[in-house]
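Residue numbers (the numbering used here): 191 to 659. Built from N, CA and C at the ideal position, the CB exists for glycine as well.
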Ligand SMILES: Nc1nc2c(ncn2[C@@H]2O[C@H](COP(=O)(O)OP(=O)(O)O)[C@@H](O)[C@H]2O)c(=O)[nH]1
Ligand SMILES: [Mg+2]
């Protein structure tokens, strides 16, 4: 992404499609001047003369090239909100134009502001400016992305917590505590006679241990935080007619997919998002695995297996009214490497199943008996799904604030350096080494909040945003 922060950027900030209002946002030095060029306010006042945090009613106008008199053509009726630097989202002058919603009006206004000197914003560029101008740190920038993308309330909570800067505050406090020890340690090297006596050493180890403990808490919660943000993907897999589609319908609570007693009913992979105890779960129903020479069946079986391989969890479905057959075993073998819950379906009917062979393939896998037809055992099934990832403990949002792998990696690095430092003190190592480890730990914490971070990494982060944020 080519970032020139002198440009004035513009984008449609509302989602594409038909809606009551559309918002075009501008940020940069020329934002208000561009406002003057395209706006005739009812009051006759100029946008560039308006104080911050004021809203103005009027019309968006453009030059009518066809008319000789150069009369202005009214494009839309609009409200202009003026926000002046530095108290804005980006810390630059910001202009927000509320015009009519819908694809055509907002597009035309966007084109107009671009014709008048703005440049189309890259994805996340407004938030990137907020970060580069020091209004928020990188953790907060990532939190704002998570807020937009949150799929459940439970996922929203930690993101809001992080946007408020509470995690950043904890991290910054750790940094301050570590920095405090650098000078005395350096003094100890320069004046070995007055070398670090027991007192700072004890205090330092205490601080290091406290930090290590906090980091460990965050790292342990990280996978859950990431999962809460991204959702868990699960796939229903098994032989034909075991009841996969019936389970899908029971989980999404409506007749999403066709159920018949004819094998091969499901062909395409069908996906739906459900919410289990606040955790977003993407569930996919797939074709039953079977041998066939039919081109369509072959393709659907291939997709089914490919999807199962990518999923976080496979619900391996068995029909309890019959013995395990070769297909069941073949499918099971293909899913051997996956995290699996064995779902024994049709428990409303007489059971004929003996799954010892299956248990050999999935030793230790959880099992649950259900009847998709009668909707029995569904709560247990949901509980089993979630407990594969969240082992029953209460989910505290403070501990789930780590929401991506980048953050987890920085924390793990830092944790490693802190532990090295603890060992050095214990083994009476050199002060130079101790300083080195502490500085490395400080670097990891710095990169966590976005200091001295390389441009490619930044671009990578902001590219995941939508345009207009
Ligand atoms: N008795 C009973 N029949 C079921 C149950 N679940 C599914 N079925 C029936 O099994 C057949 C195959 O179901 P379907 O969901 O299409 O299986 P799929 O091929 O694995 O997707 C249908 O006739 C369903 O009505 C159940 O829990 N109990
Ligand atoms: Mg099916």
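- In the DSSP annotation of this structure, the continuous segment of the alpha helix (DSSP H) that includes residue 629 starts and ends at 621–639.
- The residue from 264, 340 and 334 with its alpha-carbon nearest to that of residue 417 is 340.
- In this structure, residue 430 has its CB closer than 7 Å to one or more heavy atoms of ligand 1.
- Residue 621 sits buried, since 16 or more C-beta atoms from the chains shown fall within 10 Å of its C-beta.
- Minimum Cα-Cα distance from residue 329 among the listed residues 395, 591, 305 and 631 corresponds to 591.
- In terms of side-chain proximity, the C-beta atom of residue 435 is found nearer than 7 Å to a non-hydrogen atom of ligand 2.
- The shortest C-alpha to C-alpha distance from residue 476 to any of 419, 457 and 405 is the one to 457.
- In this chain, the alpha helix (DSSP H) harbouring residue 358 covers 356–380.
- In the DSSP assignment, residue 556 falls within the beta strand (DSSP E) that extends over 556–559.
- Looking at the backbone, the Cα of residue 358 and that of residue 216 are separated by about 28 Å.
- For residue 474, the uninterrupted beta strand (DSSP E) run begins and ends at 469–475, by DSSP.
- A straight-line Cα-Cα distance of about 33 Å links residue 248 and residue 335.
- For residue 461, the beta-bridge partners assigned by DSSP are 474.
- Annotation for residue 332: the continuous alpha helix (DSSP H) segment containing it runs 328–339.
- If you ignore the 5 residues before and after residue 517, its C-beta comes within less than 7 Å of the C-beta of 429, 479 and 480, all in its own chain and listed in chain order.
- Spatial neighbours of residue 451 in its own chain (CB-CB distance under 7 Å, excluding positions within 5 residues in sequence) are listed in chain order as 431.
- When beta bridges are read from the DSSP output, residue 268 appears opposite 248.
- At least one heavy atom of ligand 1 is found less than 7 Å from the C-beta of residue 536.
- A contact between stretches requires three or more CB pairs, one per stretch, nearer than 8 Å, and the region 402–413 fails this requirement with the region 637–656.
- Under the 10 Å beta carbon count, residue 570 is surrounded by fewer than 16 other beta carbons and is classified as exposed.
- For residue 494, the three-state secondary structure derived from DSSP is helix.
- Ligand 1 never approaches residue 427 closely enough for any of its heavy atoms to be under 7 Å from the residue's Cβ.
- Rounded to the nearest whole angstrom, the CA to CA distance from residue 520 to residue 506 is 12 Å.
- For residue 441, the closest alpha carbon among the candidates 601, 472, 411 and 261 is that of 472.
- Our two residues, residue 251 and residue 306, have alpha carbons roughly 12 Å apart in a direct line.
- The DSSP-derived three-state label of residue 277 is coil.
- Residue 610 sits in a helix when the DSSP states are folded into three classes.
- In this structure, residue 561 sits near residue 535, with a CB-CB distance shorter than 8 Å.
- DSSP lists no beta-bridge partner residue for residue 596.
- Straight-line spacing of the CA atoms in residue 495 and residue 529 works out to 14 Å.
- When the beta-carbon positions are compared, residue 498 and residue 525 come within less than 8 Å of each other.
- Boundaries for residue 231: no alpha helix (DSSP H) harbours it, while the beta strand (DSSP E) harbouring it runs 229–231, taken from the DSSP string.
- Of the heavy atoms belonging to ligand 2, none sits nearer than 7 Å to the Cβ of residue 511.
- In this structure, residue 456 has its CB closer than 7 Å to one or more heavy atoms of ligand 2.
- Residue environment: residue 485 is assigned as exposed (fewer than 16 neighbouring CB atoms within 10 Å of its CB, all protein chains considered).
- Linking residue 296 to residue 277 through their CA atoms gives a straight-line distance of about 26 Å.
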